[in-house]
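Everything below concerns the one structure shown next.
Residue numbers (our numbering): 2 to 121.
Next up, the structure:
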């Protein structure tokens, strides 16, 4: 599956569904973003069960602000509608694959319980 361009119009629909969504917050003028793009694209072709979204922080400033994106690229992982990872900086291919394995391995019932406990 190729990457999907996310906008304020489709963001919630894509990220609130079940399954894994990886997000790449980027901008056209960002050198590290451009170097990371082929790595992200290759990974998207390997994992057809994962939605690989791209958020252009210039065109979608509202989304960048909503998630307090201060440095790009920022990689975010969402599983079953819950943000489980967010980190600025381009990842090497091996680290991106490792992140995907870790997100797949999460016990989401445990994650939700910890979130609920944390909010009290």
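Even for Gly, the Cβ is constructed at its ideal location relative to N, Cα and C.
Annotation for residue 92: 37, 40, 76, 100 place their beta carbon closer than 8 angstroms to its own, counting only its chain and skipping 5 residues before and after.
Taking 8 angstroms as the upper bound for CB-CB distance, residue 82 and residue 8 are not in contact here, some 18 angstroms apart. With the rule of 3 Cβ pairs closer than 8 angstroms, the stretch 52 to 63 does not count as touching the stretch 103 to 110.
Beyond the five residues adjoining it in sequence on each side, residue 116 comes within less than 8 angstroms, by CB distance, of 83 in the same chain, given in chain order. Here residue 71 carries a coil assignment [DSSP, helix/strand/coil]. In the DSSP assignment, residue 103 falls within the alpha helix (DSSP H) that extends over 94 to 106.
It is roughly 10 angstroms from the alpha-carbon of residue 85 to the alpha-carbon of residue 113.
Between the alpha carbons of residue 35 and residue 27 lies a gap of roughly 8 angstroms.
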